[in-house]
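Enquirer: With my numbering, the residue at position 588 of the sequence shown is 585, and numbering never jumps. Structure incoming, see below.
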Amino acid sequence: MNRRTLRSVALDKVRIDDAFWNKYINLVEDVILPFQWELINDRVEGAEKSYCIRNFRIAGGSQEGGHKGMVFQDTDVAKWLEAVAYSLAKKPNEQLEKIADEAIDLIADAQCEDGYLNTYYTITGGRRWSDLFEGHELYTAGHMMEAAVAYYEATGKEKFLDVVSRFADYMCEVFGAEEGKNHGYPGHPEVELALVKLYRVTGRKRYLELADYFVRNRGSRPCYFESEECIREGKYIFPEFADFGLDYAQAHIPLKEQRTAEGHAVRAVYLYSAMADLADEYQDEELLKQCEALWEDITQKKMYITGSIGSAADGERFTCSYDLPNNTNYSESCATIGLAMFSNRMFRATRNGKYMDTVEQALYNTLLAGIAMDGKHFFYVNPLEVIPQVAENNPTMEHVKTMRQKWFGVACCPPNISRTLASISNYMYAMEGNTLYSNLFISSEIHGELEAGEIALRITADYPRDGKVQYEILGETAGKFVLAIRKPGYCSSYRMRINGEDCSPVCENGYLYLDREWQPGDKVEMILDVPFRFVRCNPRVNENIGKIALVKGPWVYCLEEADNGNYLKSIVVSSDTEIKEDFKEDTLGGILCAVFKGKRIDYSAISDELYTGEKPMYMEDEFTAVPYGVWNNRGKGEMIVWMREA
Ligand SMILES: [Zn+2]
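Listed below in structure tokens is the structure:
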């Protein structure tokens, strides 16, 4: 077996200093982490209670009471710790580390003698592993493992890693193909990819094998979840799950036969992420092909232009191909993050840049839309079209919020967003052998180690506001290595100069490979063609027939009521209209707006009659569009992404 060779660059080796991303990344340490710590300790007035830390105290015996919150409430602290770890890896912070150590002590105290760790089952005395479909024990375990691996890598402290390793050892005894063992697998995938991470840091093969068992056994017949119904005698933790078919949890057919993305979107992409990891670890071509088929199915038939997935709120799930409603969709922030995770792993398994196009699409649009620019309010659901009075009064749209919320009882998304922002450099760079891959054009400095030795370089960009991206080789770096720069699929042309001289390097699978003897001070200047442009949707998507959306590089633009008044859906725009760039220094910390002319219905001339033979009158107007990622930061109002084409 060949070990995978593509590596991440350690977080402390990448220093990000980017006009666009600083606004979000700095929020993590300055605002989000302290705020979320208060939240999981139930100290924020007006926010839904988490009970997370309280549950650990009770499970550990230092406080009295019953379990409160969801079965997976423990993941609140796990995801918080994971984000803390990434933050500490980049910049030491004694105070933060001390709080994190205390949280880890609480977690360790709540661990049972045999290694089991879950406050819900420990406090309630419920039968362990009796409800894998809904109980989220393995899902919760996975988040603990991810956090522990990150904390160990950031601080070198082993306590948390030991806790989750003991838990994983115990799980290896409980689950597996051998007779007498539990033949189940998680209803909500997550532990699979976490076990791979734990294997990579500890080198203990049994963790990788357990992940492989969970993945390969999924959906086999007879289906484990059906036999489980007998164990739990029809009792449901979430009664609404009773109506969900096995496809909800990707167990409707054996996993190896699955070629289309089905069911709960977050579950699906967490599972596919683990599959991509395993395909890479075991160099399993067949599994990799299957991952490719699943990825194509998502991105070509079931993904929004904003990089979000999950068309239906009922079941938070995929529906069928080309069903992409703009105003009732679920498009959970976590699902977008999961899609970025899956796509990043596919890039690592294939070295194909098309996967990073999707990562970029997800990060620049829906990930950012999930968080307010104050760092304290979040979207769970990410529609592409909102009319507040409709969303607030139509019960079928109850899931659509017209303003970001402080905190949710089911708080999966907010800490998921912060851990992603805190570790964004994992998406920016990758290394193998003598090659450094540069995936995202975010101003930063990187220090890496290749076969040739230590290298350091700086990227300077204001992307995609400007298509110019400059790489400068720094310091002592010298020698022959390969700089592989992603050429985005949406970018039809580019120019490249090395030290002022034009060059046209080999472009393979979306990467420009610059293989040369580098000297300190060498400069690569790339000018990517990223104009504002209108795109159309495949007309099989009924919702978007006759509509256009405005994009610039990875940014998708939207119209907001704050700039354009209401009745946005009456706006008609010609794809030939001239787009003027307008950088608004004072708006939302500085954003690049697009200003263009079009028409809209003149409502002053509309009668009160509901039905009439008269055509509405249109009037000329000028409109201002903003990046979708920053929408809803200026109060409640209408928003649309897709506009009617003249
Ligand atoms: Zn979520």
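Virtual Cβ for every residue (Gly too), placed ideally from N, Cα, C. Here the structure is a predicted model, which means the values were calculated and not measured.
What ranges does the beta strand (DSSP E) occupy inside the segment 425 to 463, keeping only unbroken runs of at least 3 residues that lie completely in it?
Expert: Those beta strand (DSSP E) runs which fall completely within the segment 425 to 463 and span 3+ residues are 426 to 429, 432 to 435, 441 to 447, 450 to 458.
Enquirer: Run the CB neighbour count on Phe580, radius 10 Å, all protein chains shown included, and call it buried at 16 or more, exposed below.
Expert: Under this definition Phe580 is an exposed residue.
Enquirer: So, helix, strand or coil for Pro31, using DSSP?
Expert: Helix at Pro31.
Enquirer: How far does the alpha helix (DSSP H) with Ala276 in it extend, from its first residue to its last?
Expert: That run of the alpha helix (DSSP H) goes 262 to 278.
Enquirer: Just list the residues that DSSP pairs Ile368 with in beta bridges.
Expert: Partner(s): Phe375.
Enquirer: Counting along the chain, where does the beta strand (DSSP E) carrying Glu469 start and finish?
Expert: First-last of the beta strand (DSSP E) with Glu469: 465 to 470.
Enquirer: Could you give the uninterrupted runs of the alpha helix (DSSP H) lying entirely in the segment 71 to 100, keeping only those of 4 residues or more?
Expert: Here the runs fully enclosed are 72 to 87.
Enquirer: Where Gln516 and Asn539 are concerned, what is the direct C-alpha to C-alpha distance, given to the nearest angstrom?
Expert: Looking at the two C-alpha atoms, the distance is approximately 54 Å.
Enquirer: Only counting the same chain, and skipping five residues up and downstream in sequence, which positions put a Cβ closer than 7 Å to that of Ala44?
Expert: Result list for Ala44: Leu36, Lys403, Trp404, in chain order.
Enquirer: Using 8 Å as the threshold, is the C-beta distance between Gly312 and Phe222 below it?
Expert: Going by C-beta atoms, Gly312 is not nearer than 8 Å to Phe222.
Enquirer: Rounded to the nearest angstrom, what separates Arg4 and Glu448 at their Cα positions?
Expert: Between Arg4 and Glu448, the C-alpha separation is close to 13 Å.
Enquirer: Cys534 and Tyr625 - do their beta-carbons sit closer together than 8 Å?
Expert: Their beta carbons are not under 8 Å apart, which means Tyr625 does not touch Cys534 by this criterion.
Enquirer: Flag this pair as touching only if the segment 454 to 461 and the segment 362 to 376 have three or more C-beta atom pairs under 8 Å; answer yes or no.
Expert: Verdict: no, contact absent.
Enquirer: Using only alpha-carbon positions, find the residue among Ile50, Ala80, Tyr615 that is nearest to Ile414.
Expert: Checking every option, the nearest Cα to that of Ile414 belongs to Ala80.
Enquirer: In chain order, what residues of the same chain lie with their CB nearer than 6 Å to the CB of Gly139, ignoring the 5 residues before and after it?
Expert: For Gly139, where only same-chain residues beyond five positions count, the Cβ hits under 6 Å are Glu187, Val188, Ala191.
Enquirer: For Tyr267, I'd like the list of residues in its chain whose CB is within less than 6 Å of its CB, leaving aside the five on either flank, ordered along the chain.
Expert: Pro186, Glu187, Gly335, listed in sequence order.
Enquirer: Is Ser330 a contact residue of ligand 1, with contact defined as CB to any heavy atom under 7 Å?
Expert: Indeed, a heavy atom of ligand 1 lies less than 7 Å from the Cβ.
Enquirer: Measure the CB-CB distance between Gly304 and Thr333 and report whether it falls below 8 Å.
Expert: Yes.
Enquirer: Please report the distance separating the alpha-carbon of Asn(-1) from that of Gly430.
Expert: Residue placement at Asn(-1) is flagged as unreliable, the pLDDT there being 44, under the threshold of 50; a coordinate-derived value is accordingly withheld.
Enquirer: Between which two residues does the alpha helix (DSSP H) holding Cys169 run?
Expert: Counting along the chain, the alpha helix (DSSP H) containing Cys169 begins and ends at 156 to 171.
Enquirer: Which of the three DSSP states is assigned to Ile120 in this structure?
Expert: Reduced to three states, the DSSP call for Ile120 is helix.
Enquirer: Once you ignore the five residues that flank Pro411 on each side, which residues in its own chain have a CB closer than 6 Å to its CB?
Expert: For Pro411, where only same-chain residues beyond five positions count, the Cβ hits under 6 Å are Phe375.
Enquirer: Hey, would you say the C-beta of Tyr377 is under 7 Å away from at least one heavy atom of ligand 1?
Expert: Yes, Cβ of Tyr377 sits closer than 7 Å to a heavy atom of ligand 1.
Enquirer: Starting from Gly57 and walking both ways along the beta strand (DSSP E), at which residues does that stretch end?
Expert: Run containing Gly57: none in the beta strand (DSSP E); it sits in the alpha helix (DSSP H), 49 to 57.
Enquirer: Which residues share a DSSP beta bridge with Tyr508?
Expert: The partner list for Tyr508 (beta bridge, DSSP) reads Arg483, Glu505.
Enquirer: Would you kindly report the start and end of the unbroken beta strand (DSSP E) that includes Lys520?
Expert: Counting along the chain, the beta strand (DSSP E) containing Lys520 begins and ends at 520 to 525.
Enquirer: When burial is assigned at 16 or more other CB atoms within 10 Å of the CB, is Asp128 buried or exposed?
Expert: The residue is buried, with at least 16 neighbouring Cβ atoms inside 10 Å.
Enquirer: Looking only at its own chain, which residues have a Cβ that is under 6 Å from the Cβ of Met142, when we skip the five neighbours before and after it?
Expert: Taken in chain order, the residues that qualify are Val161, Ala191, Leu195.
Enquirer: Any heavy atom of ligand 1 closer than 7 Å to the Cβ of Val49?
Expert: Note on identity: in this sequence residue 49 is Cys, with Val being the wrong assignment. Flag unset: Cβ of Cys49 not near ligand 1.
Enquirer: Straight-line CA distance for Arg342 to Glu619?
Expert: Roughly 43 Å between the two C-alpha positions.
Enquirer: Would you be able to state if there are at least three C-beta pairs under 8 Å between the segment 74 to 89 and the segment 144 to 164?
Expert: The segment 144 to 164, when compared against the segment 74 to 89, does touch it at the 8 Å Cβ threshold.
Enquirer: Reducing DSSP to helix, strand and coil, say where Pro624 ends up.
Expert: Strand, per DSSP.
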